[in-house]
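Under numbering that gives the first Met the number 0, the first residue of the sequence shown carries the number 0, and numbering increases by one thereafter.
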Amino acid sequence: MKFTVASRGDSLSNDLCKTIKERLLKGDLIYDEEHPDIVITVGGDGTLLEAFHLYSHRLEETAFVGIHTGHLGFYADWVPEEAENLVTHIIKTPYQIVEYPLLEVVIRYRNGRPSKRHLALNESTIKSSEGSLVCNVEIKGETFETFRGDGLCMSTPSGSTAYNKALGGAILHPSLASIQLSEMASINNRIYRTLGSPLVLPQHHTCLLKLLNNVSVQVTIDHFNVPIFDENVDTIQCRVAEEKVRFARFRPFPFWKRVKESFISG
Ligand code: NAP
Ligand code: MN
0 MKFTVASRGD
10 SLSNDLCKTI
20 KERLLKGDLI
30 YDEEHPDIVI
40 TVGGDGTLLE
50 AFHLYSHRLE
60 ETAFVGIHTG
70 HLGFYADWVP
80 EEAENLVTHI
90 IKTPYQIVEY
100 PLLEVVIRYR
110 NGRPSKRHLA
120 LNESTIKSSE
130 GSLVCNVEIK
140 GETFETFRGD
150 GLCMSTPSGS
160 TAYNKALGGA
170 ILHPSLASIQ
180 LSEMASINNR
190 IYRTLGSPLV
200 LPQHHTCLLK
210 LLNNVSVQVT
220 IDHFNVPIFD
230 ENVDTIQCRV
240 AEEKVRFARF
250 RPFPFWKRVK
260 ESFISG
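Next comes the structure, spelled out in structure tokens:
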């Protein structure tokens, strides 16, 4: 089996990566950064997000597992003290796989620039970088509302504990193949009206954000900004992706337990 390790870059994470790599090589696994069957990240959720994007072109062949060297993460849910145990499990294989839904985002431009497709593990956001963002929100081809405000966030179930949560969105279990749209400071008065609550869309319900004003926008996918050229974004289309992310599971750590230990009490 082929593996790779990815570190957050601090000395603790780097050292742990080195130890894990040596142990797995001794266990006759092959180190392969190009075509890994398993990617072990050491750092935090951000480290796993980066690894996800590095290998998003081969999700069917790659499984992820995360160790956290800081606080408990949602993707990085192993502590460094368990690394030895984790390594033994990986060498022994086969392991169980759990799959989580992803968000597909297609950005289309007005000036004929080719559209661009992205996958998000957490979310995609659109914000105006000057004044209010005004856009039509279409659901399944029908206009739903005209949004006016700071921006919108479209999150995956496993991303619902990230930015989405800060926007008052619900926490969704990753077994629900869905995406959640939440608002950032919508303007609501006699003239402008939006739903005001987060909404959850099932598979095959496409949400299309159609920009109505000519402000320059900032579009994010997880931790990175999408390069936007010439202020010419026309639409942003979001839906549940066909692809899924695969996590290697070596012991049960139910989602609600992770939510409790992260936000309520460990
Ligand atoms: P960051 O600034 O380090 O991330 C912010 C925090 O979100 C970190 O504590 C990170 O954990 C945590 N996080 C990431 N994914 C999560 C998840 N699925 N559930 C719960 N917490 C999660 O930047 P980053 O590490 O590159 O992460 C990018 C993410 O930051 C974005 O995808 C977005 O969700 C989030 N973000 C949140 C806000 C907000 O809440 N207002 C604003 C901007 C971005 P680690 O420390 O373990 O990395
Ligand atoms: Mn981070």
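Just so it is clear, CB atoms sit at the ideal spot from N, CA and C, and this is done for glycine as well.
Environment of Y30 [buried if 16+ CB atoms lie within 10 Å] = exposed
ask   = Shortest alpha-carbon distance to V239 belongs to which of Q179, V136 and F143?
value = Q179
ask   = Count the other CB atoms within 10 Å of the CB of V78; is the residue buried (16 or more) or exposed (fewer)?
value = exposed
query = Between which two residues does the beta strand (DSSP E) containing I66 stretch?
reply = A62 to H67
task = Take the Cβ of P201 as the centre, count every other Cβ of all protein chains shown within 10 Å, and call the residue buried at 16 or more, exposed below.
result = exposed
ask   = Who does P201 pair with in a DSSP beta bridge?
value = S177
task = Starting from A169, trace the beta strand (DSSP E) both ways and give me its first and last residue.
result = Neither: A169 is in no beta strand (DSSP E) and is coded neither H nor E.
request  = Using a threshold of 8 angstroms, state whether the C-beta atoms of A75 and L101 are closer than that.
outcome  = no
ask   = Around the C-beta of E103, are 16 or more other C-beta atoms found within 10 angstroms, so that it is buried, or is it exposed?
value = buried
Cβ-Cβ distance between A62 and A5 below 8 angstroms = no
task = Please look up how many angstroms separate the CB atoms of L47 and E242, rounded, as I've assumed it's under 8 angstroms.
result = Rounded, the Cβ-Cβ distance is 16 angstroms, inconsistent with contact.
ask   = On the three-state DSSP scale, how would you describe R257?
value = helix
query = Taking 7 angstroms as the line, does the beta carbon of H172 fall inside it for any heavy atom of the ligand NAP?
reply = no
task = Could you have a look at T142 and say whether DSSP puts it in helix, strand or coil?
result = strand
key: Selection from T124, E80, N110 and P35 that minimises the alpha carbon distance to F223   = T124
ask   = Using CA coordinates, which residue listed in S215, S261, Y94 and P253 is at the minimum distance from A161?
value = S261
query = Secondary structure at S264, three-state DSSP: helix, strand or coil?
reply = coil
task = Identify every residue that forms a DSSP beta bridge with R245.
result = E98
inquiry  = Following a CB-centred definition, is G43 positioned closer than 7 angstroms to any heavy atom of the ligand MN?
reply    = yes
query = Looking only at its own chain, which residues have a Cβ that is under 6 angstroms from the Cβ of V225, when we skip the five neighbours before and after it?
reply = V218
request  = Give, in chain order, every unbroken run of the alpha helix (DSSP H) that is at least 4 residues long and sits entirely within the segment 39–91.
outcome  = 44–53 and 82–91
query = Is it right to say L24 is buried, meaning 16 or more other beta carbons lie within 10 angstroms of its own, or is it exposed?
reply = exposed
request  = With E21 as the anchor, note down where its alpha helix (DSSP H) starts and where it stops.
outcome  = S10 to K25
request  = Determine contact between the segment 195–209 and the segment 135–143, defined as no fewer than three beta-carbon pairs at a distance below 8 angstroms.
outcome  = yes
query = Within 7 angstroms: the Cβ of A5 and any heavy atom of the ligand NAP?
reply = no
inquiry  = Rounded to the nearest angstrom, what separates F228 and E83 at their Cα positions?
reply    = 47 angstroms
key: Local Cβ density within 10 Å of R250, reported as buried at 16 or more and exposed below that   = exposed
query = In the structure shown, what three-state DSSP assignment does N163 receive?
reply = helix
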